[in-house]
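Residue numbers (the numbering used here), protein chains in the order written: chain B, 629 to 721; chain E, 3 to 113; chain X, 419 to 743.
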């Protein structure tokens, strides 16, 4: 019963990976990383029930958490870099 | 029809619908022209997809600790998914990427 | 059927690895390495290794990405073009790969019950865990009690890595930040992530405590809990600014935590020696040897969690403070 969903999730993970490799700007890649993380959470939740081990759901919760913190860290970093570039441009001009 | 069979059918429908939404969102994230339209497509996979899939699994798991954990996972995804999209869109706008229709509009104004 | 899923995930792993090597833009490589960690942890999960998958998730996908980005902030973001002729390197790598693949033909099949690894040590561990330690998670029993000396070594490796990074990057003198304009305050002026982050931080900390003490009964333990705890404080530092995070957990506490966890672990070993047993023999800690094992594992896992939290936060603060002068 769960196999169709698992295939849909794995194919979507492949599509997100394609976007991460192709994506012209860095924000496309951040979007792809975020999407990949949430698909992994769902994949783990479904696989925990396929393998018959519902006590592995802690893993999915931790993934969701870490994915969120990772995306915010990446955004903070880009914003910091962009603001530092602006300051350098102002200093030069 | 016994209750177990009914639960199986409903959860199978929910799981399939969730899988379809996730796939459509993923396809949209790959084929859409602009960053912001891709974010719209990707957020479909973050909200309605997990909601349907996890409710489908909860119907299979019954009233156990696993269902409580699944509800926690669903709440967490529903709270942090849109927040991450918001943060990403704000960061991208502040860095200067404007959406395509805004670029097209300003070109029309110039003409 | 799970074999087909493993096949797909491993194919995506190979594609990601090739993309990481070929892409010249280093930010993209860092993000692809985050995706690589997620795929690897999903593979570990399919191989039924939950503790390893949990540690890979907690450390690889979140904290490694943050540290790589902090390091990238101090250098350039495009890799230089390959300069020399790399045919020799390609030949060496190909030969080694073929030799390794040839060597795997001699290994027993995955999950084969007649394999030597299932004949000698593994049944003994499973039996003795039920009799002497009586906790459901055999991995924690092996890690904490049977091979506790190795885990002591691991904790000291983490401690050494922490002080190594602190030696190289140094602890700054604590001058306040010079610029106060809006741009350099991080995500502080994004309202929605701040509110949501403030709402979530207590639950993340509570979940870290749950993972720490639930290691006996499910996947979990000290390493994973330390990483999640550090991730919660890093979230706070990202949203409210690094100064507020240093007010919440000052540097002196971080140094104390880094050293204190390893000392706590060794202290348990010494106490058990003073009570008449061997080093790190927990059965002598209490009247009932099984309860002694439980309390021994509890205290050493707490020591591991404290050290891992201290080290990860020290490294993060060292990078972040250096980056902004």
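Cβ atoms here follow ideal geometry from the backbone N, Cα and C, with glycine treated the same way.
task: Would you identify the three-state DSSP class for residue 552/X, choosing helix, strand or coil?
output: By one-based count along the third chain, residue 552/X stands at place 134. DSSP places residue 552/X in coil when its eight states are reduced to three.
message: Suppose contacts are defined by Cβ-Cβ distances below 9 Å. Is residue 83/E in contact with residue 14/E by that definition?
response: Here residue 83/E refers to the residue found at position 81 when the second chain is read from its first residue. Here residue 14/E refers to the residue found at position 12 when the second chain is read from its first residue. Result no, Cβ atoms of residue 83/E and residue 14/E do not sit closer than 9 Å.
- prompt: Closest Cβ-Cβ distance between residue 677/B and chain X: below 9 Å?
  reply: Locating residue 677/B in the first chain gives position 49, where the first residue counts as 1. No, its Cβ sits nowhere closer than 9 Å to a Cβ of chain X.
query: Does any CB atom of chain X fall closer than 9 Å to the CB of residue 704/B?
result: Counting from 1 along the first chain, the entry for residue 704/B is found at position 76. Yes, contact with chain X.
- request: With distances taken Cα to Cα, identify the nearest neighbour of residue 719/X among 627/X, 532/X, 463/X.
  value: As a working mapping, residue 719/X is identified with position 301 in the third chain. Here the closest residue by C-alpha is 627/X.
Distance between residue 473/X and residue 631/X (C-alpha atoms, nearest Å): Start at 1 with the first residue of the third chain, and residue 631/X comes out as number 213. Start at 1 with the first residue of the third chain, and residue 473/X comes out as number 55. Approximately 15 Å, taken between the alpha carbons.
message: Between residue 484/X and chain B, is the shortest Cβ-Cβ distance under 9 Å, so that the two count as touching?
response: Mapped onto the third chain, residue 484/X falls at position 66. So, interface residue.
field: Which listed residue (457/X, 708/X, 733/X, 685/X) has its alpha carbon closest to that of residue 721/X
entry: As a first step, residue 721/X must be located in the third chain, where it is residue number 303. Closest by alpha carbon: 685/X.
Beta-carbon gap between residue 452/X and residue 479/X smaller than 9 Å: For the purposes of this step, residue 452/X is identified with residue 34 of the third chain, where counting begins at 1. For the purposes of this step, residue 479/X is identified with residue 61 of the third chain, where counting begins at 1. Cβ distance < 9 Å, so residue 452/X and residue 479/X count as in contact.
message: Checking 9 Å against the spacing of the C-beta atoms, do residue 703/B and residue 53/E come in under that value?
response: As a first step, residue 703/B is located in the first chain; it is residue number 75 there, counting from the start. As a first step, residue 53/E is located in the second chain; it is residue number 51 there, counting from the start. In this structure, residue 53/E does not lie closer than 9 Å to residue 703/B by Cβ.
- request: State yes or no: is the beta carbon of residue 610/X nearer than 9 Å to at least one beta carbon in chain E?
  value: What you label residue 610/X is simply residue 192 of the third chain in a count that begins at 1. Yes, its Cβ sits closer than 9 Å to a Cβ of chain E.
- request: Return the residues of the region 81-93 of chain E that lie within a Cβ-Cβ distance of less than 9 Å from chain X, sorted by chain order.
  value: 81, 82, 84, 85, 86, 88, 89, 92, 93
- prompt: At a Cβ threshold of 9 Å, is residue 668/B touching chain E?
  reply: Taking the first chain and counting its residues from 1, the one referred to as residue 668/B is at position 40. No - not a single Cβ of chain E is within 9 Å of the one on residue 668/B.
- prompt: Do the CB positions of residue 671/B and residue 75/E come within less than 9 Å of each other?
  reply: Translated into positions along the first chain, residue 671/B becomes position 43. Translated into positions along the second chain, residue 75/E becomes position 73. Not a contact, by the Cβ cut-off of 9 Å.
message: Report the CB separation of residue 588/X from residue 698/X in whole angstroms; it is logged as a contact under 8 Å.
response: By 1-based counting over the third chain, the position of residue 588/X is 170. By 1-based counting over the third chain, the position of residue 698/X is 280. The pair is not a contact, with the Cβ atoms about 35 Å apart (cut-off 8 Å).
message: Along the chain, where does the alpha helix (DSSP H) containing residue 667/B start, and where does it finish?
response: One-based indexing of the first chain puts residue 667/B at position 39. Counting along the chain, the alpha helix (DSSP H) containing residue 667/B begins and ends at 654-678.
Cβ neighbour criterion (16 or more within 10 Å) applied to residue 712/X: Taking the first residue of the third chain as position 1, residue 712/X is located at position 294. With 16 or more other Cβ atoms within 10 Å, it is buried.
query: Per DSSP, what kind of secondary structure is residue 697/X in: helix, strand or coil?
result: The count along the third chain starts at 1 and reaches residue 697/X at position 279. Residue 697/X: coil per DSSP, three-state reduction.
message: Spatial neighbours of residue 80/E within its chain, please: C-beta separation below 8 Å, excluding the five flanking residues on both sides.
response: For this step, residue 80/E is matched to residue 78 along the second chain. Only 49, 52, 53 meet the Cβ criterion.
message: For the region 629-643 of chain X, list every residue whose C-beta sits within 9 Å of some C-beta in chain B, in sequence order.
response: 629, 632, 635, 636, 637, 638, 642
field: residue 714/B versus residue 98/E: straight-line alpha-carbon distance, rounded
entry: Taking the first residue of the first chain as position 1, residue 714/B is located at position 86. Taking the first residue of the second chain as position 1, residue 98/E is located at position 96. About 12 Å.
message: Can you give me the C-alpha to C-alpha distance between residue 646/B and residue 654/B, rounded to a whole angstrom?
response: The residue labelled residue 646/B in the question sits at position 18 within the first chain. The residue labelled residue 654/B in the question sits at position 26 within the first chain. Roughly 14 Å between the two C-alpha positions.
- prompt: What does residue 657/B reach in chain X if we use C-beta pairs closer than 7 Å?
  reply: Position 29 of the first chain, counted from the first residue, corresponds to residue 657/B. The answer, in chain order, is 446, 449.
message: Does the CB of residue 580/X have a neighbour CB from chain B at under 9 Å?
response: By 1-based counting over the third chain, the position of residue 580/X is 162. For residue 580/X, the answer is no, since every Cβ of chain B falls outside 9 Å of its Cβ.
field: Short CB-CB distance (under 9 Å) between residue 632/B and chain X
entry: As a working note, residue 632/B is residue 4 in the first chain. No, its Cβ sits nowhere closer than 9 Å to a Cβ of chain X.
message: Counting only Cβ pairs nearer than 9 Å, list the residues of chain B close to residue 32/E.
response: The count along the second chain starts at 1 and reaches residue 32/E at position 30. Those are 643, 644, 646, 647, 650, listed as they occur along chain B.
- prompt: Between residue 103/E and chain B, is there a C-beta pair that is closer than 9 Å?
  reply: As a first step, residue 103/E must be located in the second chain, where it is residue number 101. Not an interface residue.
- prompt: Given a threshold of 16 other Cβ atoms within 10 Å of its Cβ, counted over all protein chains shown, does residue 693/X qualify as buried or as exposed?
  reply: Translated into positions along the third chain, residue 693/X becomes position 275. Result: exposed.
Contact with chain B by residue 44/E, beta-carbon distance below 9 Å: Within the second chain, residue 44/E is the residue found at index 42, counting from 1. Closer than 9 Å to some Cβ of chain B, the Cβ of residue 44/E qualifies, so yes.
Proximity to residue 657/X [Cα-Cα], best of 700/B, 694/B, 643/B, 716/B: As a first step, residue 657/X is located in the third chain; it is residue number 239 there, counting from the start. Measuring from the Cα of residue 657/X, the nearest candidate turns out to be 700/B.
query: Just how far apart, CA to CA, sit residue 707/B and residue 569/X?
result: As a first step, residue 707/B must be located in the first chain, where it is residue number 79. As a first step, residue 569/X must be located in the third chain, where it is residue number 151. The straight-line gap from Cα to Cα measures roughly 40 Å.
- prompt: With 16 as the cutoff for other CB atoms within 10 Å, does residue 600/X come out buried or exposed?
  reply: In the third chain, residue 600/X corresponds to position 182, counting from 1. Residue placement at residue 600/X is poorly supported in this model, since its pLDDT is 43, which falls under 50; the coordinates are not used for a value here.
- prompt: Listing by chain order, which chain B residues have their CB less than 9 Å from the CB of residue 463/X?
  reply: Translated into positions along the third chain, residue 463/X becomes position 45. Those are 671, 672, 675, 676, 679, 684, 687, listed as they occur along chain B.
task: Keeping to the same chain, check which residues put their C-beta closer than 7 Å to that of residue 609/X; ignore five residues upstream and five downstream.
output: Taking the third chain and counting its residues from 1, one reaches residue 609/X at position 191. If we look at residue 609/X and ignore the five residues flanking it on each side, it has no Cβ neighbours.
- request: Enumerate, from N- to C-terminal direction, the unbroken alpha helix (DSSP H) stretches of 4 or more residues contained entirely within the region 506-548 of chain X.
  value: 539-546
message: Taking a contact to mean a Cβ-Cβ separation below 9 Å, would you say residue 131/E touches residue 46/E in this structure?
response: Any property of residue 131/E remains undetermined from this structure, which presents chain E solely from 3 to 113.
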